[in-house]
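All remarks here apply to the structure that follows.
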Amino acid sequence: MVVLSCKDVHKCYGINVILDNVTFNISDGDKVGLIGANGAGKSTLFKILTGEISQDSGDIFIDKNKTVGYLSQHLSLESSNTVYEEMLTVFEDLLHMENKLKDLENKLNEPYDSSKENYHNKIIRDYTTYSELYNNRGGYTYKAEINKVLKGLGFSEEYYSKNISILSGGQKTRIALCKLLLSNPSILLLDEPTNHLDLEAIEWLEEYLKNYKGTIIVISHDRFFLDAVTEKTFELINGHVDSYNASYTKFIELRKKEQETKLKAYNLQQAEIKRQEEIIERYRSFNREKSIRAAESREKALAKMERIEAPEKEAKAYKISFETKIKSGNDVLYIENLSKSFGDKKLFENVNLNIKRNDNVALIGENGRGKTTLFRIIMDEIKSDSGTKVLGKNVFIGYYDQEQSNLNPDKTIIDEIWDEYPDMTTTKVRNALAAFLFTGDDVFKQISLLSGGEKCRINLLKLMLSQANLLLLDEPTNHLDIMSREALEDAILSYDGTVIVISHDRYFLNKVVNKIYELNIDGVKEYLGNYTYYIEKKKNPQRYQSIEEAQGKSKTQIAEERRKKREAEKKVKEAEKAVKDLENQISTLETKLIEMQELLCTEEVYSNPDKSEKVNKTIAELEEELEKLYSKWETLI
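Each residue of the sequence shown is one higher than the one before, counting from 1348 in the working numbering.
What follows is the structure, encoded as structure tokens:
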């Protein structure tokens, strides 16, 4: 049964078309991931569905028997209540029934008066009715549900009595999510619900939503989360929605095949159109009545042909590429018995790290445990309480700050870059900014007026220009759309320096890291693998250990073997990439060669000696270059 649908929904802001005839249907119980580039209009669509703004044209249908709950990405919850009091506001009807039941219980305890038999019977009937209603609406379980949701989303009991007004913005958003889940709407609209959640809370939310009885539409750039929760994917691209009956990873495969099929059909039709147009032109050149009629007949047939539209291209991605100016020594960072507290609050102690060149390391742990503080200690911005920290030889640090606090809000974009790299010419600065999609007058925008995604791009550009050989990345995928996250992943995988990253993006962690340090109050625990390995090892800590111990290997031997394995895997990936790049070059040159050979067969060329000689020369050069590429390719495969 369809519970929500859009038909030809259109929305513009001035001359900018945000939504262009958006049409889709969602059935009861569907779990849908809504994806698209930043600025594609996803949040705008949510606001239209909730009535916060109106569409310019088109129809919205929402089943009148269904309730809609909406979590905005930029929610600002203001309340004078405590955390627990705010949760109770969701259950005001049950609280009212509790008071009614107490009142009825008091009346039931009154001495029986036979002259008021009808009155007493009514009290009994009312008490029975309210008791059943109270039970059916969850009166005996709602407090347990409050505890379950609050703790699941990271609020321990010490927060229950805290006033909401003193909480951080991220904590307020989590409180709003708690309230939304407790209200149990028929249709859940969630805009980036995993923002401000640590890994444990994200995993809890995944399980909760997988078992949710209602309909869910979620905007998220968390690909791991989308795979876990959703069964359908809606891609908002160039103003309209393409629907796929698949979660994110399967959707990628389906979209790729669909794009290839569309492109092939489009190219074939374009080739046929070109062929027909050439025939028509040739018939007309004969200038005879019969040939002119034949040309007109073909023109009419061509006009009636149903044209295939060119496949839509994704939004342009910016190119991220990290390079080192100086190669560091093999020992990059050594930390021994580090500890840090702020007043009575202990963040961590006995922290030991040993980071080598080319390590891609993730630092994970609960929110507030001190991961960012550890970064600041590494950069000498704050002092540890005890312990040793040693940077290796020729180590130069580049830092990505998730809060974007290193950007001057009063500067323009171009000045922000130029002031940090004054030796760059105007052309180089403009070219660098253009590579990150800041072109024309955009470079003169003030930093304070930029979106989170735009600020993120500036910081990534500054990091790229730094040519540091140790990158400290604090939540680098926040504010990035999926396409940009993939560009960042590719940049890290091809980087010849060392990376330490704080991230809750499990898909990102799976792809780029080869070692995980889990930060706890009493130190760190090392896991020599990616995120999936970390989860498996936590669930079954004896599994890998028993295999290695059975082979009689020491911890040092195991660590060295794993290091060599990682290096071997990296070389394999580099070789695979080299082969792929060569194949792309070969394909491009083969296409050019075919074009030149076809050109040589045209009358315009073969009848002109100069043109013919020039084309033949180009063909010879292409064949020679192809021969070199084929030889190189054969040595790599």
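All residues carry an ideal CB built from backbone N, CA and C; glycine is no exception.
In chain order, which continuous runs of the alpha helix (DSSP H) of length 4 or greater are located wholly inside the region 1439 to 1475?
1439 to 1455
Using DSSP bridges, identify the partner residues of V1859.
For the purposes of this step, residue 1859 is identified with residue 512 of the sequence shown, where counting begins at 1. Beta-bridge pairing links V1859 to no other residue.
Based on the DSSP output, what are the partners of K1736 in its beta bridges?
By 1-based counting over the sequence shown, the position of residue 1736 is 389. DSSP lists I1682 as partners of K1736.
Under the three-state reduction of DSSP, which class applies to Y1766: helix, strand or coil?
If you number the sequence shown from 1, residue 1766 lands on position 419. In the sequence as displayed, the identity of residue 1766 is Asp instead of Tyr. In this structure, D1766 counts as helix in the three-state DSSP scheme.
By how many angstroms is the C-alpha of K1597 removed from the C-alpha of L1480?
On the sequence shown, residue 1480 is found 133 positions in, with the first residue counted as 1. On the sequence shown, residue 1597 is found 250 positions in, with the first residue counted as 1. Those two C-alpha atoms are separated by around 45 angstroms.
Got a sec, what are the start and stop residues for the beta strand (DSSP E) A1709 sits in?
What you label residue 1709 is simply residue 362 of the sequence shown in a count that begins at 1. N1707 to I1711 is the span of the beta strand (DSSP E), which, as asked, contains A1709.
Could you tell me which residues DSSP pairs with H1587 in its beta bridges?
Taking the sequence shown and counting its residues from 1, the one referred to as residue 1587 is at position 240. Its beta-bridge partners are I1584.
If you run the structure through DSSP and keep just helix, strand and coil, what is V1952?
Translated into the one-based positions of the sequence shown, residue 1952 becomes position 605. Helix, per DSSP.
Per DSSP, the bridge partner or partners of E1865:
If you number the sequence shown from 1, residue 1865 lands on position 518. In the DSSP output, where bridge partners are listed per residue, E1865 has I1711 and K1872.
Alpha-carbon spacing of Y1487 relative to I1493, whole angstroms
The sequence position of residue 1487 within the sequence shown is 140, counting from 1. The sequence position of residue 1493 within the sequence shown is 146, counting from 1. Cα-Cα distance, rounded: 12 angstroms.
Judging by CA-CA distance, which residue of N1955, I1549 and N1963 is the nearest neighbour of I1941?
Position 594 of the sequence shown, counted from the first residue, corresponds to residue 1941. When each option's Cα is compared against that of I1941, the closest is N1963.
Can you look up S1478 in the DSSP assignment and give me helix, strand or coil?
For the purposes of this step, residue 1478 is taken as residue 131 along the sequence shown, with counting starting at 1. Helix at S1478.
When the Cα atoms are used, what is the spatial distance from E1896 to G1870?
Within the sequence shown, numbered from 1, the residue matching residue 1896 stands at position 549. Within the sequence shown, numbered from 1, the residue matching residue 1870 stands at position 523. Summary for E1896: the model assigns pLDDT 49, below 50, so the residue's position carries little reliability; its value from the coordinates is reported in the next sentence. Whole-angstrom Cα-Cα distance: 24 angstroms.
Bridge partners of C1359, per DSSP?
Position 12 of the sequence shown, counted from the start, is the residue given in the question as residue 1359. DSSP, once it has assigned bridges, lists V1364 as partnering C1359.
Start-end ranges of the beta strand (DSSP E) lying completely within the region 1790 to 1866, minimum 3 residues
1817 to 1821 and 1845 to 1849
Between K1924 and A1915, what straight-line distance do the alpha-carbon atoms span, to the nearest angstrom?
Residue mapping note: residue 1924 aligns to position 577 of the sequence shown, counting from 1. Residue mapping note: residue 1915 aligns to position 568 of the sequence shown, counting from 1. So the two alpha carbons sit approximately 14 angstroms from each other.
Can you tell me which of the three DSSP states N1877 falls into?
Position 530 of the sequence shown, counted from the first residue, corresponds to residue 1877. N1877: coil per DSSP, three-state reduction.
Residue of I1729, H1357, L1710 and D1821 minimising C-alpha distance to F1689:
As a position in the sequence shown, residue 1689 is number 342, starting the count at 1. Ranking the options by Cα distance to F1689, first place goes to I1729.
Out of E1452, F1502 and E1636, which has the shortest C-alpha to C-alpha gap to S1478?
Working through the sequence shown from its first residue, we reach residue 1478 at position 131. When only C-alpha atoms are compared, the closest one is E1452.
Candidates E1554, L1546 and Y1842: closest to Y1878 by CA position
Along the sequence shown, read from residue 1 onward, the residue named residue 1878 stands at position 531. When only C-alpha atoms are compared, the closest one is L1546.
I'd like to check one pair, C1525 with L1500: are the Cβ atoms closer than 9 angstroms?
Here residue 1500 refers to the residue found at position 153 when the sequence shown is read from its first residue. Here residue 1525 refers to the residue found at position 178 when the sequence shown is read from its first residue. Yes; because the gap between Cβ atoms is below 9 angstroms, this pair is in contact.
Taking only the alpha-carbon atoms, compute the straight-line gap between V1364 and I1400 and give it to the nearest angstrom.
Position 17 of the sequence shown, counted from the first residue, corresponds to residue 1364. Position 53 of the sequence shown, counted from the first residue, corresponds to residue 1400. Cα to Cα, V1364 sits roughly 15 angstroms from I1400.
Just to confirm the assignment, what range does the alpha helix (DSSP H) spanning E1625 have?
Here residue 1625 refers to the residue found at position 278 of the sequence shown. Taken as a continuous stretch (DSSP letters only), the alpha helix (DSSP H) holding E1625 covers Y1595 to F1633.
If we call anything under 9 angstroms between Cβ atoms a contact, is L1929 one with K1979?
Locating residue 1929 in the sequence shown gives position 582, where the first residue counts as 1. Locating residue 1979 in the sequence shown gives position 632, where the first residue counts as 1. Contact flag set, yes.
Assess, as a yes-or-no matter, whether the region 1531 to 1542 is touched by the region 1412 to 1426 under the definition of 3 or more beta carbon pairs within less than 8 angstroms.
yes
State the Cα-Cα distance for the pair A1815 and R1853, rounded to the nearest angstrom.
Residue 1815 sits at position 468 when you count from the first residue of the sequence shown. Residue 1853 sits at position 506 when you count from the first residue of the sequence shown. For A1815 and R1853, the distance between alpha carbons rounds to 25 angstroms.
Going by the beta-carbon positions, is the gap between K1718 and I1711 smaller than 9 angstroms?
Along the sequence shown, one-based indexing puts residue 1718 at 371. Along the sequence shown, one-based indexing puts residue 1711 at 364. Their beta carbons are under 9 angstroms apart, which means K1718 touches I1711 by this criterion.
Distance between beta carbons of V1496 and L1544, contact taken as under 8 angstroms:
Start at 1 with the first residue of the sequence shown, and residue 1544 comes out as number 197. Start at 1 with the first residue of the sequence shown, and residue 1496 comes out as number 149. With a Cβ gap of about 13 angstroms, L1544 and V1496 do not count as contacting.
Segment limits, alpha helix (DSSP H) that includes N1699:
Start at 1 with the first residue of the sequence shown, and residue 1699 comes out as number 352. That residue, N1699, is in no alpha helix (DSSP H); its beta strand (DSSP E) goes K1692 to K1703.
Identify the continuous alpha helix (DSSP H) that holds L1528 and give its terminal residues.
For the purposes of this step, residue 1528 is taken as residue 181 along the sequence shown, with counting starting at 1. L1528 -> alpha helix (DSSP H) spans G1516 to S1530.
With DSSP as the reference, identify every bridge partner of F1371, one or two as the case may be.
Position 24 of the sequence shown holds residue 1371. Partner(s): C1353.
Which partner residues does K1687 have in the DSSP bridge list?
Counting from one through the sequence shown, the residue named residue 1687 turns up at place 340. Partner(s): F1695.
Which residues share a DSSP beta bridge with Y1417?
Stepping through the sequence shown from its first residue, residue 1417 is reached at position 70. DSSP output for Y1417 lists L1536 as bridge partner(s).
Proximity to I1744 [Cα-Cα], best of I1760, L1818, D1766 and R1704
Taking the sequence shown and counting its residues from 1, the one referred to as residue 1744 is at position 397. That would be L1818, whose Cα lies nearest to the Cα of I1744.
For N1825 and M1811, what's the separation of their Cα atoms in angstroms?
Along the sequence shown, read from residue 1 onward, the residue named residue 1825 stands at position 478. Along the sequence shown, read from residue 1 onward, the residue named residue 1811 stands at position 464. Approximately 17 angstroms between the Cα atoms of the pair.
Coarse secondary structure for L1381, derived from DSSP in three states:
Against the sequence shown, residue 1381 aligns to sequence position 34. Strand.
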